[in-house]
Amino acid sequence: MAQYRFDPIWNTYFLEEAENFSLVDGQDHTDPNAGVTGNAFDNTIIGNDADNRLDGGEGADTLEGGAGNDAYAVDNPGDVVIEAEDGGSGDSVTAYISYTLPDHVEVLILQGFENIRGTGNGLANTLLGSDGGSNLLEGLGGNDRLFGFDGDDTLDGGEGADELWGWSGNDTFIVDDPGDVVSEDENRGEDLVIASIGYTLSNHVEHLRLVGSQGLAGIGNGLDNRITGDGGSDTLEGRDGNDTLDGGAGIDVLRGGAGDDLYRVDNTDDVVEEEDDGGIDSVETSVSYALAAFVENLVASGNAAIALTGNALANTLTGNAAENVLDGGAGADTLIGGDGDDTYIVDDADKIVEVAEGGIDTVRSATSYVLGDHLERLIATGLAAITLTGNGLDNTLIGNTAANTLDGGAGADHLHGGAGDDFYIIDEADNITELAGEGIDTVLTGSSYGLGDHLENLVAAGTAPSDLTGNGLDNSLTGNGAANVLDGAAGADTMIGGAGDDTYLFDGSDTIIEQAGEGIDTVMTTASYTLADHLENLTALGSAAISLIGNAADNLILGNAAANTLDGSAGTDTLSGGGGDDMYVVDDADTIIELAGGGTDTVYSAFSHTLGDHLERLIATGLAAVTLTGNGLDNTLIGNTAANTLDGAAGADHLQGGARDDFYVIDANDSITELAEEGTDTVLTRASFVLAANLENLVAAGTASIDLTGNGLSNRLTGNTAANVLDGRAGADTMIDGAGDDTYVVDGADTIIEQANEGIDTVVTAASYMLGAHLENLKAAGAAAVSLTGNAGDNLIQANAAANTLDGGAGADTLSGGGGDDTYIVDGVDTIVELAGGGTDTVHSAFSHALGNALQNLTATGSAAISLTGNALDNRLTGNAAANVIDGGSGSDIMDGGAGDDILIVDNAGDGVSGGSGTDTVRTSIDFTLGADVENLTAAAGIAALSLKGNAFGNSITGNGGANRIAGGLGNDQLGGGMGKDVFVFDTKPHKSTNVDRILDFSVKDDSVWLENKIFKKLGTKGSEKKPAKLAKDFFALDKAKDANDHLIYNKKTGKLFYDADGSGKAKAVEIATLSKKLKMTEKDFFVI
1 MAQYRFDPIW NTYFLEEAEN FSLVDGQDHT DPNAGVTGNA FDNTIIGNDA DNRLDGGEGA
61 DTLEGGAGND AYAVDNPGDV VIEAEDGGSG DSVTAYISYT LPDHVEVLIL QGFENIRGTG
121 NGLANTLLGS DGGSNLLEGL GGNDRLFGFD GDDTLDGGEG ADELWGWSGN DTFIVDDPGD
181 VVSEDENRGE DLVIASIGYT LSNHVEHLRL VGSQGLAGIG NGLDNRITGD GGSDTLEGRD
241 GNDTLDGGAG IDVLRGGAGD DLYRVDNTDD VVEEEDDGGI DSVETSVSYA LAAFVENLVA
301 SGNAAIALTG NALANTLTGN AAENVLDGGA GADTLIGGDG DDTYIVDDAD KIVEVAEGGI
361 DTVRSATSYV LGDHLERLIA TGLAAITLTG NGLDNTLIGN TAANTLDGGA GADHLHGGAG
421 DDFYIIDEAD NITELAGEGI DTVLTGSSYG LGDHLENLVA AGTAPSDLTG NGLDNSLTGN
481 GAANVLDGAA GADTMIGGAG DDTYLFDGSD TIIEQAGEGI DTVMTTASYT LADHLENLTA
541 LGSAAISLIG NAADNLILGN AAANTLDGSA GTDTLSGGGG DDMYVVDDAD TIIELAGGGT
601 DTVYSAFSHT LGDHLERLIA TGLAAVTLTG NGLDNTLIGN TAANTLDGAA GADHLQGGAR
661 DDFYVIDAND SITELAEEGT DTVLTRASFV LAANLENLVA AGTASIDLTG NGLSNRLTGN
721 TAANVLDGRA GADTMIDGAG DDTYVVDGAD TIIEQANEGI DTVVTAASYM LGAHLENLKA
781 AGAAAVSLTG NAGDNLIQAN AAANTLDGGA GADTLSGGGG DDTYIVDGVD TIVELAGGGT
841 DTVHSAFSHA LGNALQNLTA TGSAAISLTG NALDNRLTGN AAANVIDGGS GSDIMDGGAG
901 DDILIVDNAG DGVSGGSGTD TVRTSIDFTL GADVENLTAA AGIAALSLKG NAFGNSITGN
961 GGANRIAGGL GNDQLGGGMG KDVFVFDTKP HKSTNVDRIL DFSVKDDSVW LENKIFKKLG
1021 TKGSEKKPAK LAKDFFALDK AKDANDHLIY NKKTGKLFYD ADGSGKAKAV EIATLSKKLK
1081 MTEKDFFVI
């Protein structure tokens, strides 16, 4: 191949195999300005003195241009460009990678779409960025010209007066020389100048950042500029537009000019200069700061606690998350504190905006003020008497030395009025601090309140009932029209209740002002007391046991927690004893109110009486027969000597009737004390009950199902219409129940009276039992094995865990044996319920029967021919003397047909069959060999290929539609293959009288005969059941043996098949089987195994 080739169209040499190349004037071609393009080698290409184009290609190339204005192409970091000092003034490098111009090359052109860097040298370079990426262009020394083109480029001319052109993208210009010129087209991105000298933004450049520690001047243009200073004391001027000026460190001067400007200050000595009508301006500060003239807004930045101070305008002051002080000054200001514990200094035109969870904030005001949302503290300044009003929070309000009004509003507020005669408006959650000598103060409350120290007067406001409580001073307590509680505490107090139903608490030195007709009033006392006129109610205080006695009015008398005696005297009185073990003396007009946990209380009454709630004991006085009725507690009711009715109601009550024929109404938890010879008593119960000693009769009331249990007497137990349980226990009891589904628990001496159509009744017994008439169910109790026998109804009989015998009798009965090895005696309509794990159970049936779940054994009784069917378990099925059909199901079953001609159905290899006497048949769906006492074998319908084998009897074996393998064994068997391609196997020694089989349906087309070579030894070939061997043609003959090799002879006239050991010899042929006559049999129908 050539070392190089020349392309005249491109006027370029292309290196082929050459690695190095030098242009020589007049070499091959006459044009001295030819170009050279390298290859993949690391080429060295040397130009001539003309304007050469040198491109080394892929390798790390060395390009040397010569004297002309050469153009180099660089695409490998290993490329080296060599240009002589006097080698032309217009040399250029086109670079596809980041590149720094070598000495003596003037122009760098970046190409491609990557973000790459282009760096000049000390000459006056021209650097051109690429159109595809974001480039960094660095001019270094010299007066350079840098062009960014597309992308977010950074242009740094370096030393010298440079020209920087940004074009499209968000460009950054580095300016460090007063002669630097930045040019940017309109709408070509958002651009930034970083200047280390004072600088004024040129047109279409948005942002300016000053760098360095010396004080610099930065001036914007008509755009919305962002101008940022650095460490020095800078002067920034935004001019037109909505500018952001941030002086950085140092003491800066910031001038916004026209537009809505934002100033960022970080030094209290920073100066903001704003023009009148110069827009809506804001200062953002991280230090305490006061707004200059013509600036509207002040915002705290950072996290330091600082003070923000407004000017005469309507300012908006916004704090940070720290504890700020905000003072709007003159004007209608808006103060926004933020998250910290802020302090607001306000006049009456200011507005505070505070968010929830924004700290604990304080407002200081010299005028009346109402706290806004989310503000907590309010402090009065100045000397004027003003009103301080809180909000819904827990406020703190502090007055000055004048007579202030303090109203905390909602919330748990703290109020401190100061030295004047202050007026407090409070609710029940508020508290007041008042010092000694700080005036005569009044508290107005809409809720209950107790005066704190150094407060004199208390007045109830509104219409709600209030508790008014004094202190150790001589207080004045004044109620409203509601039902107030007035307690002057210590001191000589004056209490004025008003028109409501008031309550007074006395201590012996107080004065009560109450008029007739002013409500139902209550006196509360710690000593025994009898009510005087015009006072209606009496309440015991303290812990002493006292007597409280009413007057002729309808009194309400309330005890304390001690054991009080309450007697309403005349009138329709209401008595409430309180917590102690109280004693009530009542007539028939009085009402007792006792609270839960109020002791064990006793009511004495000569009238029929029903205990009210929370009263425990009721004692009849006098001689009249009365009714004593309890409540829901555990009461004690004691009658007198008459025939009383005692009803404890709910609760575990104790009833004691006395000497006559008492009638007790009880529930399940009650107890009765009755002595011997105290009459014939009757207990009426709505709940289960056991008769105690000396009680004779028990009657169920209501409609609930309950248990009635007797004692050692001969009881009479009478149920209701529900499903009751009656258990007479010892004694010759009579049990009578109604229409419900009742349960009787019996022993041998009891009598059950049950009528027809009176529910589904159950008898529970621990001994063998037979159901009487109109009783449906029978259930075994205890652990003994018993016999349970039903009646003519449809009975449910349930055994215990022992080995029970269950016989439903006539009817469609349901029998459930339980855990033992149970025996079920069933008829054709009975149902057995047996759970898994419930013993090994046996069913006796004279009817066809299929075992249900969890039953193991089934035995036929009687003499009828019936079917016995097992389940998925391993069953034992036993027939009777008739012809049964027995199917064990899917388990490994044992089937015993008994004496009849039985059919035994086999479907599991684990099934065991015993035919018993009679001619029995096995019907199988699996391979099967007849046992010793079964005669016949039949394949179940279908096309499954089965192996059917007989025994020593003369069997009848019948196949199905599949390809069966049938072996009769010993005996004169009848063999039928069915429709499939069947195999008849002869593997026992034939005998003319005892072992000659008949094949009933042999098909020459489909069937074959297999002969065991151990028996039929002369057939020669040794085959096997897995691989039977064909019979040799010479061994088969029709009708008779013709030579010595004719060992197998089929007589077409008779259909008989013979085996002849010596063919035509003297030994006589032995008959094997009889087939149909005139079959076209050949040796192909026979195989040797």
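Letter 213 of the sequence shown, counting from 1, is numbered 213 in the UniProt record's numbering, and no numbers are missing. Think of the CB as a built atom: it goes at the ideal place given N, C-alpha and C, for glycine as much as any other residue. On a predicted model such as this, the values are computed, not experimentally measured, just so you know.
- The C-beta distance from residue 252 to residue 233 rounds to 6 Å, short enough to meet the 8 Å contact threshold.
- Per the coordinates, the alpha-carbon of residue 366 lies some 27 Å from the alpha-carbon of residue 452.
- Counting along the chain, the unbroken beta strand (DSSP E) around residue 1056 starts and ends at 1056-1059.
- Its Cα nearest to that of residue 138, the residue 174 stands out among 103, 174 and 104.
- At a Cβ-Cβ threshold of 8 Å, residue 560 and residue 540 count as neighbours.
- Residue environment for residue 990: buried (at least 16 other C-beta atoms within 10 angstroms of its C-beta).
- Contact between residue 819 and residue 801 holds, with the beta-carbon distance rounding to 4 Å and staying under 8 Å.
- Between the region 999-1009 and the region 1059-1067, the count of C-beta pairs closer than 8 Å stays below three; the two stretches do not touch.
- Here the alpha carbon of residue 432 sits roughly 36 Å from the alpha carbon of residue 288.
- Collapsing the DSSP output to three states places residue 1077 in coil.
- Comparing C-alpha distances from residue 678 to each of 661, 1053 and 698 shows the shortest one belongs to 661.
- Here DSSP, grouped into helix, strand and coil, assigns residue 361 to coil.
- Residue pairing from DSSP leaves residue 167 without any beta-bridge partner.
- Secondary structure within the region 117-163: not one fully enclosed alpha helix (DSSP H) run of 4 or more consecutive residues is present.
- With respect to residue 381, residue 400 sits close: the two C-beta atoms are nearer than 8 Å.
- Shortest Cα-Cα distance from residue 18 to any of 32, 11, 436 and 61 involves 61.
- Residue ranges of uninterrupted beta strand (DSSP E) with 3 or more members, entirely inside the region 979-1057 and ordered along the chain, are 983-986, 997-999, 1008-1011, 1036-1038 and 1048-1050.
- Where residue 109 is concerned, the enclosing beta strand (DSSP E) starts and stops at 107-110.
- Bounds of any beta strand (DSSP E) do not take in residue 222, whose DSSP letter is neither H nor E.
- Around the Cβ of residue 534, a 10 Å sphere holds fewer than 16 other Cβ atoms; the residue is exposed.
- When secondary structure is reduced to three states using DSSP, residue 1071 falls in the strand class.
- Here residue 108 is near residue 120, since their CB atoms are less than 8 Å apart.
- The straight-line gap separating the alpha-carbon atoms of residue 727 and residue 572 is approximately 49 Å.
- Between the alpha carbons of residue 880 and residue 859 lies a gap of roughly 8 Å.
- In the three-state reduction of the DSSP assignment, residue 1084 falls in the helix class.
- Beta-bridge pairing by DSSP links residue 896 to 878 and 914.
- Annotation note: the region 257-327 contains the following uninterrupted beta strand (DSSP E) runs of length 3 or greater, listed N- to C-terminal: 262-265, 271-273, 282-285, 297-300, 307-309, 316-318 and 325-327.
- Beta bridge pairing from DSSP links residue 7 with 12.
- When C-alpha distances from residue 648 are compared across 641, 633 and 659, the shortest belongs to 633.
- For the 8 Å CB-CB criterion, residue 148 and residue 165 form a contact.
- In this chain, the beta strand (DSSP E) harbouring residue 904 covers 903-906.
- Where residue 460 is concerned, the enclosing beta strand (DSSP E) starts and stops at 457-460.
- The alpha carbon of residue 428 has as its nearest neighbour, out of 447, 646, 134 and 906, the alpha carbon of 447.
- A Cβ-Cβ contact shorter than 8 Å links residue 1079 with residue 1004.
- The residues 939, 945, 946, 947, 948, 977, 978, 980, 982 and 983, in chain order, have a CB closer than 8 Å to that of residue 964 in the same chain once the five nearest residues on each side in sequence are set aside.
- In terms of CA proximity to residue 418, 404 leads the group 626, 805 and 404.
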